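Chains as they are written, first to last, in the numbering used here: chain G, 1 to 244; chain R, 245 to 425. We treat Cβ as the ideally placed atom computed from N, Cα and C, and that holds for glycine. The model shown is predicted, which means the values in this text are computed figures rather than measured ones.
See below:
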């Protein structure tokens, strides 16, 4: 084993605990994509992580919590009905290629996120939120300046919800106006996912309230509105390319 | 868990709801916020169930991962810190213990508490700061006033010891998952 390999091995436990800095995490993920020994060790550490909560003295959840979850789940019935069993059978066959692909995707996701972070406008520290977001795999949706040439945006959406929007190239707006990000589903009115202003250099970083899965969304765009509009009134300045 | 079957979600909640809530409460230290984490976790797992990859571990491990991420995000958020400061004056609302456990749960708890008890105090400390407080290795090093290398070594040694100590339990769990979760 090389010295570089040993250094990675030293970091694997902290990696599984989500306790590495971004740069270290990227290094580990790049290594895991090619090293089966370390991937196996990571799987075992994940087993340890999964068992740790079993050591806690159990506390009963509130009695009404299930009703709340059930009601919310019923409000968003799934569109597709494929079986996870089929997925798991397929993954058993293509386990290692799939693991390598997932590893590569995670690396791309993290690299893109880090690039966006270095490009973002100066402002208050985002540390914990971005750190948390970059720990999780997710999707990146790219918006182009169809109504504002030169402008662009990225939406980072973690698979378990939550997201951020990074924008550049928009004009500074008068105080009474604001930019709004819209998600549009079939046969449903557009909903605002974020409201934001840009700084003097035309950039912004905003938290996005993602409406569940992006699979149901057929349009994503940004308009310029009179503060807090309930529906888009202006023409789209930024629009998403197909993201599926 | 089959996609689209709410009964599967109900079964999942019946089996792991208590554990998710217990973990959330241990991390955020507040009953109302723990409830929020519990609800978010099951709804996220429901909406994002296609992202579950059995090759990366058992379903409960995936669920605990979602719960832990949610709880730590909340733990690090400014409003949460303000709320806890406020509650320090009022006393925290920690609920009562759960109903009696099954033999399976008791065996797992004994194994995990035993394994943690056999770690040295510094090893246990780094695991708790990383797992329950969501601190990075660098933050732990600052918190404990120890070199980063020392913290990393302790973390690795602790996880290796836990891995050895819990191996048979992990094998049993894997066996169970192969017979269906």
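Is residue i close to chain G, meaning its C-beta is less than 8 Å from at least one C-beta of that chain?
| i | result |
| --- | --- |
| residue 315 of chain R | no |
| residue 385 of chain R | no |
| residue 255 of chain R | no |
| residue 394 of chain R | no |
| residue 304 of chain R | yes |
| residue 273 of chain R | no |
| residue 407 of chain R | yes |
| residue 365 of chain R | no |
| residue 450 of chain R | This structure leaves residue 450 of chain R out entirely; chain R is present only between 245 and 425. |
| residue 269 of chain R | yes |
| residue 347 of chain R | no |
| residue 400 of chain R | yes |
| residue 381 of chain R | yes |
| residue 413 of chain R | yes |
| residue 287 of chain R | yes |
| residue 263 of chain R | yes |
| residue 223 of chain R | As displayed, chain R neither begins before 245 nor continues past 425, which places residue 223 of chain R out of reach and without an answer. |
| residue 259 of chain R | no |
| residue 337 of chain R | Interpretation of residue 337 of chain R is limited by its pLDDT of 47, a score under 50 that renders its predicted location unreliable; no figure is taken from the coordinates. |
Does any CB atom of chain R fall closer than 8 Å to the CB of residue i?
| i | result |
| --- | --- |
| residue 48 of chain G | yes |
| residue 66 of chain G | yes |
| residue 19 of chain G | yes |
| residue 237 of chain G | no |
| residue 40 of chain G | no |
| residue 72 of chain G | yes |
| residue 140 of chain G | no |
| residue 69 of chain G | yes |
Between the Cα of residue i and the Cα atoms of the options, which residue gives the shortest distance?
| i | options | result |
| --- | --- | --- |
| residue 317 of chain R | R/408, R/401, R/278 | R/278 |
| residue 288 of chain R | R/311, R/402, R/271 | R/311 |
| residue 101 of chain G | G/30, G/8, G/215, G/230 | G/30 |
| residue 353 of chain R | R/398, R/251, R/266 | R/266 |
| residue 402 of chain R | R/251, R/351, R/368 | R/368 |
| residue 139 of chain G | R/379, R/411, R/292 | R/292 |
| residue 396 of chain R | G/7, G/3, G/58 | G/7 |
| residue 155 of chain G | G/173, G/38, G/163 | G/163 |
| residue 4 of chain G | G/38, G/18, G/70 | G/38 |
| residue 346 of chain R | R/390, R/296, R/262 | R/262 |
| residue 413 of chain R | R/297, R/356, R/270 | R/356 |
| residue 96 of chain G | G/36, G/148, G/62 | G/36 |
| residue 264 of chain R | G/17, G/62, G/40, G/16 | G/62 |
| residue 18 of chain G | R/382, R/253, R/391 | R/382 |
| residue 286 of chain R | G/75, G/69, G/48, G/224 | G/69 |
| residue 56 of chain G | R/298, R/308, R/296 | R/308 |
| residue 74 of chain G | R/416, R/415, R/253, R/390 | R/253 |
| residue 173 of chain G | G/218, G/153, G/223 | G/223 |
By Cβ distance below 6 Å, which residues in the same chain neighbour residue i in space, the five residues on each side in sequence not counted?
| i | result |
| --- | --- |
| residue 240 of chain G | 141, 143, 220 |
| residue 275 of chain G | Any question about residue 275 of chain G goes unanswered here, given that chain G covers just 1 to 244. |
| residue 196 of chain G | 179, 204, 206 |
| residue 374 of chain R | none |
| residue 272 of chain R | 278, 315, 318, 319 |
| residue 399 of chain R | 370 |
| residue 190 of chain G | 182, 184, 232 |
| residue 385 of chain R | 392, 395 |
Going along the chain, which residues of its own chain have a beta-carbon closer than 7 Å to the beta-carbon of residue i, five neighbours each way excluded?
| i | result |
| --- | --- |
| residue 13 of chain G | 45 |
| residue 226 of chain G | 176, 177 |
| residue 229 of chain G | 180 |
| residue 268 of chain R | 278, 281, 282, 311, 315 |
| residue 359 of chain R | 406, 409, 410 |
| residue 270 of chain R | 376 |
| residue 284 of chain R | 314 |
Residues in its own chain within less than 8 Å of residue i by CB, not counting five upstream and five downstream?
| i | result |
| --- | --- |
| residue 104 of chain G | 33 |
| residue 20 of chain G | 11, 14, 28 |
| residue 64 of chain G | none |
| residue 148 of chain G | 169, 170, 171, 237, 238 |
| residue 107 of chain G | 26, 29, 30, 33 |
| residue 250 of chain R | none |
Indicate whether at least one CB of chain A lies closer than 8 Å to the CB of residue i.
| i | result |
| --- | --- |
| residue 281 of chain R | Among the protein chains in the structure shown, which are G and R, there is no chain A. |
Would you mind listing the alpha helix (DSSP H) stretches within the segment 40-83 of chain G that are 4+ residues and don't spill past its ends, in chain order? If we require 4 residues or more, the alpha helix (DSSP H) runs fully inside the segment 40-83 of chain G come out as 65-75.
Check whether the segment 4-24 of chain G and the segment 52-69 of chain G touch, using three or more Cβ-Cβ pairs below 8 Å as the test. No, because fewer than three Cβ pairs between the segment 4-24 of chain G and the segment 52-69 of chain G fall closer than 8 Å, the two stretches do not touch.
Quick one: any contact between the segment 228-236 of chain G and the segment 166-182 of chain G, if contact means 3 or more CB pairs under 8 Å? Yes, they touch.
How about the segment 362-373 of chain R and the segment 274-288 of chain R: do they share at least three Cβ pairs that are nearer than 8 Å? Contact between the segment 362-373 of chain R and the segment 274-288 of chain R is absent, because fewer than three Cβ pairs lie under 8 Å.
How do the segment 26-45 of chain G and the segment 253-261 of chain R stand: do at least 3 beta-carbon pairs fall below 8 Å, yes or no? No: the two stretches stay apart, fewer than three of their Cβ pairs being nearer than 8 Å.
Just list the alpha helix (DSSP H) runs in the segment 165-222 of chain G, keeping only unbroken ones of 4 residues or longer that don't cross its boundaries, in chain order. Listed in chain order, nothing qualifies, since the segment 165-222 of chain G has no complete alpha helix (DSSP H) run of 4 or more residues.
Contained beta strand (DSSP E) runs [length at least 3] in the segment 392-422 of chain R, N- to C-terminal order: Restricted to the segment 392-422 of chain R, not a single beta strand (DSSP E) segment is unbroken, complete and at least 3 residues in length.
So within the segment 274-312 of chain R, which uninterrupted alpha helix (DSSP H) runs reach at least 4 residues, ignoring any that extend past its ends? Within the segment 274-312 of chain R, the complete alpha helix (DSSP H) runs of at least 4 residues are 275-291.
Would you mind listing the alpha helix (DSSP H) stretches within the segment 354-378 of chain R that are 4+ residues and don't spill past its ends, in chain order? Runs of the alpha helix (DSSP H) spanning 4 or more residues and lying entirely within the segment 354-378 of chain R occur at 365-375, in chain order.
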